[in-house]
Structure formats: C-alpha cells, structure tokens
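Below: one structure, written as structure tokens.
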Amino acid sequence: MTLAATDFLESVFYTQLTWSLYFNELTPVSLKLES
Numbered sequence: 001m002t003l004a005a006t007d008f009l010e011s012v013f014y015t016q017l018t019w020s021l022y023f024n025e026l027t028p029v030s031l032k033l034e035s
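Right under this line is the structure:
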C-alpha cells in the first residue's frame with residue numbers, strides 16, 4: 001500500500017471517529033426530543 005493511501009485511510013478513520021463522537025453527544029438530546 002502506498003503512503004498516500006495509508007494517509008487517506010487514516011484521515012477517513014479519524015473523520016468517522018470524530019463524527020461518531022459528535023453524534024454520540026447529540027443522541028441523548030434527540031432521544032429526549034422524541035419522547
């Protein structure tokens with residue numbers, strides 16, 4: 001695997017990690033709104 005591909009996969013991984021943390025923060029709020 002080339003270095004560029006590794007950097008790309010890492011950036012995708014960290015982006016998804018950031019988004020999942022972000023949505024985990026939002027989830028309790030959205031659950032309260034629904035109930």
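For the sequence shown, position 23 matches number 23 in full-length UniProt numbering, and the numbering has no gaps at all. Each residue gets a CB set at the ideal place from its N, CA and C atoms; glycine is no exception. Since this is a predicted model, take the numbers as computed values, not measurements.
What's the C-alpha gap between N24 and T2? Each residue's alpha carbon lies about 33 Å from the other.
Under three-state DSSP, which class holds T2? Of the three classes helix, strand and coil, the one that applies to T2 here is coil, per DSSP.
Here's a check: name, in chain order, each residue in its chain whose Cβ is nearer than 6 Å to the Cβ of W19, leaving out the five neighbours to either side. Excluding residues within five positions, none has a Cβ falling inside 6 Å.
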